[in-house]
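Here the structure is laid out as structure tokens; the discussion comes afterwards.
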Amino acid sequence: MIFHILSTIAEVVILVYALSLFLVYILLSILSGKELLKHFYAEKITNYDAILSSPFAPTISIIAPAYNESLTIVENIRALLSLYYPNFEIIIVNDGSKDDTLQRAIEAYEMERVPYVIDYKIGCKEILEIYKSRKKAFNNLTILNKVNGGKADALNAGINIAKGQFFTAIDVDSIIDPYALQKMVLPFLTATNKRVIATGGVIRIANSCKIKDGQLIEINVPDDFLPRCQVIEYNRAFLLGRLAWSRLDGLLLISGALGLFDKEIAIASGGYLSTTVGEDMEIVVRMRKYMANKKEKYSVVYVPDPLCWTEAPSSLKVLGSQRNRWTRGAIDTLFLHRDLFFNPKFGVMGILSYPYWIFYEWLAPIIETLGILYFILIALFGYPNWTFFSITLFFVYFFSVSFSTYAILFDHLIYHRYTKKSMIFKLLLTSWLEPFFYHPFVTWWALRGNWDYFIRKKKAWGKMTRKGFSTEKVPAEAAMP
Amino acid sequence: MRIRFLTLSFLFTVFALFAGMANIQAFPEKAKHANSNTLSSDKSFDNQAKDSVVIAPKSEASETSGTLEPNRNRGTFTQRLFPGLSSENLRKLLLDWKNLFPDPIRSYYVAMVGKAFFFPVALFLMVLILALMGNLLVVTGILFLSNRIMNYERKEKVRLRIFFEKTLTDLMLQVTNTQETIQILSHPYLKENYNLLIDILMEFQKSFRGDADRQIIELYQGMDLGQISYNKTFAIFFYKQIQGIHELANMHPYHATEMIASRLNDPDDIVRTESQICYPHVNKEFPFEFLSILEMPFSEWAQLNIYYYIKIHEMPVPSFNKWLGSGQINVVNFSILMITLFQQQEHAEQIIGKLKVPNETTRHLAIVACGELHLFDSKAVLKESFLGETAKNQLEITRVFQSIGDETDIPFLETIVRNESIPLRLEGCRTLYFLGENGKNHLERINQSLNDILSPFIAHIKDQRN
Numbered sequence: 001m002i003f004h005i006l007s008t009i010a011e012v013v014i015l016v017y018a019l020s021l022f023l024v025y026i027l028l029s030i031l032s033g034k035e036l037l038k039h040f041y042a043e044k045i046t047n048y049d050a051i052l053s054s055p056f057a058p059t060i061s062i063i064a065p066a067y068n069e070s071l072t073i074v075e076n077i078r079a080l081l082s083l084y085y086p087n088f089e090i091i092i093v094n095d096g097s098k099d100d101t102l103q104r105a106i107e108a109y110e111m112e113r114v115p116y117v118i119d120y121k122i123g124c125k126e127i128l129e130i131y132k133s134r135k136k137a138f139n140n141l142t143i144l145n146k147v148n149g150g151k152a153d154a155l156n157a158g159i160n161i162a163k164g165q166f167f168t169a170i171d172v173d174s175i176i177d178p179y180a181l182q183k184m185v186l187p188f189l190t191a192t193n194k195r196v197i198a199t200g201g202v203i204r205i206a207n208s209c210k211i212k213d214g215q216l217i218e219i220n221v222p223d224d225f226l227p228r229c230q231v232i233e234y235n236r237a238f239l240l241g242r243l244a245w246s247r248l249d250g251l252l253l254i255s256g257a258l259g260l261f262d263k264e265i266a267i268a269s270g271g272y273l274s275t276t277v278g279e280d281m282e283i284v285v286r287m288r289k290y291m292a293n294k295k296e297k298y299s300v301v302y303v304p305d306p307l308c309w310t311e312a313p314s315s316l317k318v319l320g321s322q323r324n325r326w327t328r329g330a331i332d333t334l335f336l337h338r339d340l341f342f343n344p345k346f347g348v349m350g351i352l353s354y355p356y357w358i359f360y361e362w363l364a365p366i367i368e369t370l371g372i373l374y375f376i377l378i379a380l381f382g383y384p385n386w387t388f389f390s391i392t393l394f395f396v397y398f399f400s401v402s403f404s405t406y407a408i409l410f411d412h413l414i415y416h417r418y419t420k421k422s423m424i425f426k427l428l429l430t431s432w433l434e435p436f437f438y439h440p441f442v443t444w445w446a447l448r449g450n451w452d453y454f455i456r457k458k459k460a461w462g463k464m465t466r467k468g469f470s471t472e473k474v475p476a477e478a479a480m481p
Numbered sequence: 482m483r484i485r486f487l488t489l490s491f492l493f494t495v496f497a498l499f500a501g502m503a504n505i506q507a508f509p510e511k512a513k514h515a516n517s518n519t520l521s522s523d524k525s526f527d528n529q530a531k532d533s534v535v536i537a538p539k540s541e542a543s544e545t546s547g548t549l550e551p552n553r554n555r556g557t558f559t560q561r562l563f564p565g566l567s568s569e570n571l572r573k574l575l576l577d578w579k580n581l582f583p584d585p586i587r588s589y590y591v592a593m594v595g596k597a598f599f600f601p602v603a604l605f606l607m608v609l610i611l612a613l614m615g616n617l618l619v620v621t622g623i624l625f626l627s628n629r630i631m632n633y634e635r636k637e638k639v640r641l642r643i644f645f646e647k648t649l650t651d652l653m654l655q656v657t658n659t660q661e662t663i664q665i666l667s668h669p670y671l672k673e674n675y676n677l678l679i680d681i682l683m684e685f686q687k688s689f690r691g692d693a694d695r696q697i698i699e700l701y702q703g704m705d706l707g708q709i710s711y712n713k714t715f716a717i718f719f720y721k722q723i724q725g726i727h728e729l730a731n732m733h734p735y736h737a738t739e740m741i742a743s744r745l746n747d748p749d750d751i752v753r754t755e756s757q758i759c760y761p762h763v764n765k766e767f768p769f770e771f772l773s774i775l776e777m778p779f780s781e782w783a784q785l786n787i788y789y790y791i792k793i794h795e796m797p798v799p800s801f802n803k804w805l806g807s808g809q810i811n812v813v814n815f816s817i818l819m820i821t822l823f824q825q826q827e828h829a830e831q832i833i834g835k836l837k838v839p840n841e842t843t844r845h846l847a848i849v850a851c852g853e854l855h856l857f858d859s860k861a862v863l864k865e866s867f868l869g870e871t872a873k874n875q876l877e878i879t880r881v882f883q884s885i886g887d888e889t890d891i892p893f894l895e896t897i898v899r900n901e902s903i904p905l906r907l908e909g910c911r912t913l914y915f916l917g918e919n920g921k922n923h924l925e926r927i928n929q930s931l932n933d934i935l936s937p938f939i940a941h942i943k944d945q946r947n
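Chain order of the listed sequences is A and B. Residues in the first sequence are numbered consecutively from 1, following our numbering. Residues in the second sequence are numbered consecutively from 482, following our numbering.
Laid out in structure tokens, this is it:
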């Protein structure tokens, strides 16, 4: 009898959860689709030339933390120097690299140490040296050498010496679209009745793409299965998820690979939190809370343009480590800001976004696993209704594939980056296989993340080994402590 | 706290309702066990299915079946879902589709259809599955078809662009005249691509001046392309409207003046901004007159674009002091910026007056203007307001003294240098250092009196790269 009651409760919870999840996804997709079309058409009429020659263009500081990037640092800086924007500086933060990252950058760009007074507006590990170039052509380049403290700490150090009105936090090994700054600064300039405090752009997977001198010259669908699954996953997340949250004014996460922030607000809210591995989400939440507490109208805007290309992990081990960290980062932020939970004081963020993250991002893999375990249990006792099970399974599968297919369609109609039939076919095939061969791993890594966070109290980043963009597949370690 | 409690209560109520409904709809199997008296347990599964398919009024069993009683009425669910279609017909229809499936799956499909009619949720899910499968097929088809069309269009667009550009270049170089060009471009196939032609005409117009510019406008008007642009301004989609406004503003200002003026205060942000940007195109004589009638916000983006337009067209600009009293704070700020950029020093008095307004951004722009316009008369006001200013404006005031300061300001700058704020101290040192020999000497004396605490600051500002 007790088992019967418990099983009924479990089934109801899982069913209601699954139904609500589907409903949320459908609503988010509809909102995203509408927003994407609006953006697509607005882009057609936007004259970016005006910003390139304007004294009105706000100053932007690009902050790129680098740790053991010796093999790619010179190329990466070159790519950053070629961005199309009239008024920007580049700050490379050497976060105590153990290799010759600093030396290579100094030699390549003729840098020399300059006397510099640092105003530690935000706490960070000691800044040892500041370098500027002897060449006028590189007068917007600064290299900062500091004691190792992790990515968040490196970004804080960069903010402390940044001169721009806005700063953009990037991963130095990502490829930034030359037009990225113009596009990301636009929402700050068009807003009239509220203050835009941060913008983020779409991150794309660059595996198998051709890169030359830090510029993307040919776009391809990744050859390996794992990165290809991540293409689908990123499409879903960026085109069907974040865009809708931006529209609802409830965006909580701007990817660490590329985000533009209002420096004044970032400093006032305390900068990046160096004790978390989810610093990218945490700073957005804290900046939003700061504005909400001040009762000022604000927004965090998402620009649905592929502005940053990054190398996705292609081995299970590295991918697992990345997802484990993402999970721990999200939990950390959610727990640090638990006062947001259904708190109307924080508007959409408190009532919708935060509960969404709790129920559908953090708890999803846990509930999914519980559902599977429960099913195994009733299967062992010969209790399940196999017909209902198979129909439900088919439904969930087709819903999931439909969702992915729509993400591919949205991406295709708006950006038309994958032009060959074979590319579309590969993506479609991946979307059909992904629920069986990729999703279980993602769920497992998320569970491991929970375990590591709550039981092992793990706080480290973990190893993030990349193959490198060049065809020779040079190993380049990008590990942050 | 109370509101949060209410929100939670509401959520739980919705949750409970939803859960209750789900229980009724989704667990007929348990309902069967829980109410074994309502349904003979020795009936075969298929027989049960048949029984339950009947869209019947309340059965005898259902009248006695307690809380899970709605389970027995589930037959009406189908009716509610597909009004006018009986569930028996639907079942037959679904069973007829069995031939669509290969042999190994067919029997499973038939069994599933049979059982689905016992479980309305399952039936509903099956219909959804079929819909999703159909949808997938359609979307996949759209993907491949659209890819083909987009690739074709891309190539065609390149081909047409080359053709249009060549034709227009011939006109510019007087290989052909306007009439001949109109004739060439009047080909029925090309008519379908006049939107592209208008884009190219606008690009040409941006690059050419004088006779060439006039020829392009002549061609646009001669081909009656203005009508296409005009029609766009009434399109449903905002971007089409704006395209139309842009085209008319650039190619046929006379036609567009009234329309643009009427949209300067449009509630739609994008339409309003683009109308504001286009206004100087259609009213070249008084390009900024619209500032007087602005009631809605004037975005920085619109300001930036207007400045770009008047810069590249080297248009004469009016005195901006007339808008310094505007009720729109964006208009006031824009006017101060314009006064600064166009060095309208004659408005010094009004600018100095803006140093005391409540809006921080306006004060900031006024401080910058004092420096850029070398308004020496502003020094007293700047010094007086220094202590009450925000940190950002204090820093700007210190910077401004690099342009308007002299030796008489050394005591004021000394107080800044002795300030504990690092940015202020740094900027104070810079200003003193670049004030001439006396400034440098004074800075050195302060440094000695402070036990060389300023040495790193002086080293910092001496390096021009910092």
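The C-beta atom is built at its ideal place from N, Cα and C for all residues, glycine as well. Since this is a predicted model, take the numbers as computed values, not measurements.
Mapping DSSP to helix, strand and coil, what is Lys146/A?
Note: Lys146/A maps to strand in three-state DSSP.
Give the single residue among Ser816/B, Val639/B, Val798/B, Pro797/B whose Cα lies nearest to the Cα of Gly806/B.
Gly806/B has its Cα closest to that of Ser816/B, out of Ser816/B, Val639/B, Val798/B, Pro797/B.
Check Ser299/A in the structure and name its three-state DSSP category.
Strand.
Can you list the residues of chain B that Phe359/A reaches, using a CB-CB cut of under 8 Å?
The contacting residues do not exist; Phe359/A stays about 10 Å from chain B at best.
If we ignore side chains and look at the alpha-carbon of each, how far apart do Asn616/B and Leu31/A end up?
Between Asn616/B and Leu31/A, the C-alpha separation is close to 19 Å.
What did DSSP end up calling Ile751/B once you bin it into helix, strand or coil?
Here Ile751/B sits in helix by DSSP.
On the premise that Asp750/B lies in contact with Thr392/A, defined as a C-beta separation below 8 Å, what is that separation, rounded to the nearest angstrom?
Contact doesn't hold; Cβ gap of about 45 Å is too wide.
Measure the CB-CB distance between Gly725/B and Tyr711/B and report whether it falls below 8 Å.
It is a contact, given that the beta carbons lie within the stated cut-off.
Would you kindly report the start and end of the unbroken beta strand (DSSP E) that includes Lys527/A?
Outside the modelled stretch of chain A, which goes from 1 to 481, sits residue 527/A, for which no answer is possible.
In this structure, what does DSSP give as the bridge partners for Met732/B?
Answer by DSSP bridge pairing: none, since Met732/B is not bridged.
For Asp100/A, which residues in the same chain have their Cβ closer than 7 Å to its Cβ, ignoring the five residues on either side in sequence?
If we look at Asp100/A and ignore the five residues flanking it on each side, its Cβ neighbours are Ser70.
Exposed or buried, which one is Phe436/A when buried takes at least 16 other CB atoms within 10 Å?
Burial call: exposed.
Rounded to whole angstroms, what's the CA-CA distance from Ile366/A to Leu240/A? Just pull it up for me.
Whole-angstrom Cα-Cα distance: 23 Å.
Taking the Cβ atom as the reference point for each residue, do Lys297/A and Phe166/A lie within a distance shorter than 8 Å?
No, the pair does not count as a contact, with Cβ atoms beyond the cut-off.
Counting only Cβ-Cβ distances shorter than 7 Å, please list the residues of the region 611-636 of chain B near chain A, keeping chain order.
Those would be Leu613, Met614, Asn616, Leu617, Val620, Thr621, Ile623, Leu624, Phe625, Ser627, Asn628, Met631, Asn632, in chain order.
Can we say the region 319-336 of chain A touches the region 437-449 of chain A, given the rule of at least three CB pairs closer than 8 Å?
These segments touch.
What does Trp362/A pair with, by DSSP beta-bridge criteria?
Trp362/A is not bridged to any residue.
So, is Gln655/B buried or exposed, given that buried needs 16 or more other C-beta atoms within 10 angstroms?
Exposed, because fewer than 16 other Cβ atoms sit within 10 Å of the Cβ of Gln655/B.
Please report the straight-line C-alpha distance between Leu818/B and Ala847/B, rounded to a whole angstrom.
Approximately 8 Å, taken between the alpha carbons.
Identify the residues that DSSP records as bridge partners of Arg113/A: which are they?
The partner list for Arg113/A (beta bridge, DSSP) reads Tyr131/A.
Between which residues of its own chain and Leu216/A is the CB-CB distance below 7 Å, once the five residues before and five after are set aside?
Excluding positions up to five away in sequence, the list reads Ile175, Ala206, Cys209, Trp309.
Hey, would you say Ile170/A sits closer than 8 Å to Ala257/A, going by beta carbons?
Against a cut-off of 8 Å, the Cβ pair of Ala257/A and Ile170/A comes out as a contact.
Quick one: Cα of Glu755/B to Cα of Ser54/A, how far?
Taking the straight line joining both Cα atoms gives about 18 Å.
Alpha carbon to alpha carbon, how far is Thr657/B from Asp651/B?
One C-alpha to the other measures close to 6 Å.
Which of helix, strand or coil does DSSP assign to Gln655/B?
Gln655/B: coil per DSSP, three-state reduction.
Using the Cβ count rule (16 or more neighbours within 10 Å means buried), how would you classify Val619/B?
Per the 10 Å Cβ criterion, exposed.
Would you mind telling me which residues of chain A sit closer than 8 Å to Met593/B, beta carbon to beta carbon, in chain order?
Under the 8 Å cutoff, chain A gives Thr387, Ser390, Ile391.
What does Asp750/B touch in chain A if you count any residue whose Cβ is under 8 Å from its own?
In chain order: Thr190, Thr192.
Where DSSP assigns a beta bridge to Glu89/A, which residues make up the other side?
DSSP lists Ser61/A as partners of Glu89/A.
Indicate whether Leu682/B and Ile663/B have their beta-carbon atoms separated by less than 8 Å.
No, they are not a contact pair.
On the three-state DSSP scale, how would you describe Ala530/B?
Low confidence applies to Ala530/B: its pLDDT is 37, below 50, so where it sits in the model is not reliable enough to give any reading.
If you draw a straight line from the C-alpha of Ser401/A to the C-alpha of Phe395/A, how long is it?
It should be noted that the sequence gives Val, not Ser, for residue 401/A. Going by the C-alpha atoms only, they are around 10 Å apart.
Round the Cβ separation of Asn802/B and His762/B to the nearest angstrom and send it over; I've been treating them as touching at under 8 Å.
Incorrect: roughly 24 Å between the Cβ atoms, too far for contact.
Are any of the Cβ atoms in chain A nearer than 8 Å to that of Gln724/B?
For Gln724/B, the answer is yes, since a Cβ of chain A falls inside 8 Å of its Cβ.
Compute the distance between the beta-carbons of Thr405/A and Ser431/A, then report whether it is under 8 Å.
Yes; because the gap between Cβ atoms is below 8 Å, this pair is in contact.
Using only the alpha-carbon positions, how far apart do Gly639/B and Tyr701/B sit?
Looking at the sequence itself, residue 639/B is Val, so the reference to Gly does not match. Looking at the two C-alpha atoms, the distance is approximately 21 Å.
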